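Since the structure comes first, as structure tokens, the remarks are kept for the end.
In full-length UniProt numbering, the protein residues as written are 1 to 283.
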């Protein structure tokens, strides 16, 4: 930085100047990129369920897959920005899928209880997912929602929308319903914060898992020990997440669109009580 300058400036001077200007070191917010169609459908979803309170959302069982790596870098990029610029597009890192040396898991939970955490061999496909539905989703929904008033949430992954899977749900539509879900909206699914919680718990273990079998055991242990208030508070954050989608709009060529990151902001606030599952502390 001093190249070509008439007077050298120390790194500490630069850091003090940046702090004085309000540019603190912050973690980059990670968020999938949204198309106009994604934004429109997210807004439609948020409006459709605007009348739902925590009472209704407590009838929903949330589910998803996630992949955990055995060895990885921290991946928490940092940037100098003002506090108010947390959700500015220029300060957001797009997410990508990680590489090998990893385990895929599937899990589900509702306000009432944690469901199973399943280790998925390889990658989830429609056949493995059909087994998960029959062996884990069906008994969970029958036990937790004995009045057949439960609602099952899943995203729009290809294995979730295969013809055989849709047929299975139709066979069981008298026992529970499936919640329509907008594509590319992990910020609306509270299970994302449980994945983050698992990752942090496992990364804090000493000694660290040394192979995939130990990683699987560590993940299962961390899942079983998630505090009840943690997953209950996350379920109760749904009204705030949807309110953020409805209220967060940005001017575009064809009108106003909701910003993806503001639902993450609502989730961030909702989970602040949960040992800061997602943090934004200064360096």
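Built from N, CA and C at the ideal position, the CB exists for glycine as well. Here the structure is a predicted model, which is why all the values come from computation and not from measurement.
Requested in this report: Using the Cα positions of residue 217 and residue 68, report the straight-line distance between them to the nearest angstrom.
Outcome: For residue 217 and residue 68, the distance between alpha carbons rounds to 12 Å.
**Report entry** residue 107 beta carbon less than 8 Å from that of residue 118
**Finding:** With contacts defined as CB atoms closer than 8 Å, residue 118 and residue 107 qualify as a contacting pair.
Query raised in the report: Pick from 70, 50, 138: whose alpha carbon is nearest that of residue 172?
Result: It is 138 whose Cα lies nearest to the Cα of residue 172.
Query - Three CB pairs or more closer than 8 Å across the stretch 240-250 and the stretch 115-134 - result: Counting C-beta pairs with one atom in each stretch, the stretch 240-250 and the stretch 115-134 have fewer than three that are closer than 8 Å, which means they do not touch.
Report task. Count the other C-beta atoms from every protein chain shown that fall within 10 angstroms of the C-beta of residue 65, then say buried if there are 16 or more, exposed otherwise. Result -> By the Cβ neighbour-count rule, residue 65 is buried, with 16 or more other Cβ atoms within 10 Å of its own.
Requested in this report: Can you give me the Cβ contacts of residue 209 inside the same chain, cut-off strictly under 6 Å, excluding the 5 residues immediately before and after it?
Outcome: 215, 218, listed in sequence order.
Requested in this report: Just tell me which of 70, 42, 47, 59 has its CA closest to the CA of residue 213.
Outcome: Measuring from the Cα of residue 213, the nearest candidate turns out to be 70.
Query raised in the report: For residue 58, does the three-state DSSP call read helix, strand or coil?
Result: Residue 58: coil per DSSP, three-state reduction.
**Report entry** Sufficient close CB pairs (3 or more, under 8 Å) joining the stretch 182-197 to the stretch 218-236
**Finding:** When C-beta atoms of the stretch 182-197 are compared with those of the stretch 218-236, three or more pairs fall below 8 Å, so the two segments count as touching.
Query raised in the report: Which parts of the stretch 168-252 are runs of the beta strand (DSSP E), unbroken and 3 residues or longer, counting only runs that do not cross its ends?
Result: The qualifying runs are 176-179, 249-252.
Query raised in the report: Does the Cβ of residue 115 have 16 or more other Cβ atoms within 10 Å, making it buried, or fewer, making it exposed?
Result: Residue 115 is buried by the Cβ-count criterion.
Query raised in the report: By DSSP, does residue 145 sit in helix, in strand, or in coil?
Result: In the three-state reduction of the DSSP assignment, residue 145 falls in the coil class, being assigned neither a helical nor a strand state.
Query raised in the report: Can you tell which of 33, 12, 53, 40 has the C-alpha that lies nearest to the C-alpha of residue 241?
Result: When each option's Cα is compared against that of residue 241, the closest is 53.
Query raised in the report: By Cβ distance, which residues of its chain are closer than 7 Å to residue 205, with the 5 residues on each side in sequence left out?
Result: Non-local C-beta neighbours of residue 205 in its own chain, meaning closer than 7 Å and more than five positions away in sequence, comprise 218, ordered along the chain.
Query raised in the report: Do you know offhand how far residue 109's Cα is from residue 35's?
Result: Looking at the two C-alpha atoms, the distance is approximately 29 Å.
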